[in-house]
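Engineer: Per this note's numbering, the sequence shown runs over residues 901 to 976. In this text, a Cβ means the ideal position worked out from N, Cα and C, and glycines have one as well. Keep in mind that this is a model prediction, so the values were computed, not measured. Starting off with a structure, shown below.
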Amino acid sequence: IGFPGWANYLPVTRAVPEPPSIRYPGGPAPGPFPYFGAPPYGAPLYGPDGTPLYPGVPPHPPPGPGPSDHGEAPPS
């Protein structure tokens with residue numbers, strides 16, 4: 901599945917500790933494949949105007965209510 905490598909963490913438990921022996925740790929494990937037509941990982945799902953950039957993405961939700969002052973008066 902991958903390039904052979906090994907890790908020996910036991911030298912740190914010796915009377916005179918030594919650093920662990922790690923031979924070719926390799927890169928991160930590959931993740932699952934996204935569904936066909938999925939956007940790349942981390943890509944924006946919506947354009948600046950709120951339109952979906954990829955098929956299968958739900959429409960952009962409407963903006964929520966604006967900020968309110970909850971009846972508080974501005975400091976004077």
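1. Please list the terminal residues of the continuous beta strand (DSSP E) segment that includes residue 938.
2. Among all the DSSP beta bridges, which residues are the ones paired with residue 952?
3. When the Cα atoms are used, what is the spatial distance from residue 955 to residue 927?
4. Throw me the rounded Cβ distance for the residue 925 and residue 905 pair, which I believe falls under 8 Å.
5. So, under 8 Å CB-CB, residue 946 and residue 952 are touching, yes? Tell me the CB distance rounded to an integer number of Å.
6. Could you give the residue range of the beta strand (DSSP E) that holds residue 907?
Structural biologist: Checking against the coordinates, here is how it stands:
1. For the purposes of this step, residue 938 is taken as residue 38 along the sequence shown, with counting starting at 1. Run containing residue 938: none; DSSP gives neither H nor E here.
2. Residue mapping note: residue 952 aligns to position 52 of the sequence shown, counting from 1. In DSSP, residue 952 forms a bridge with 946.
3. Here residue 955 refers to the residue found at position 55 of the sequence shown. Here residue 927 refers to the residue found at position 27 of the sequence shown. Computed Cα separation, rounded: 31 Å.
4. In the sequence shown, the residue the question calls residue 925 occupies position 25. In the sequence shown, the residue the question calls residue 905 occupies position 5. With 8 Å as the limit, residue 925 and residue 905 qualify as a contact, their Cβ atoms being about 6 Å apart.
5. The residue given as residue 946 occupies position 46 in the sequence shown. The residue given as residue 952 occupies position 52 in the sequence shown. That pair is a contact at about 6 Å.
6. As a working note, residue 907 is residue 7 in the sequence shown. From DSSP, the beta strand (DSSP E) with residue 907 extends over 906-908.
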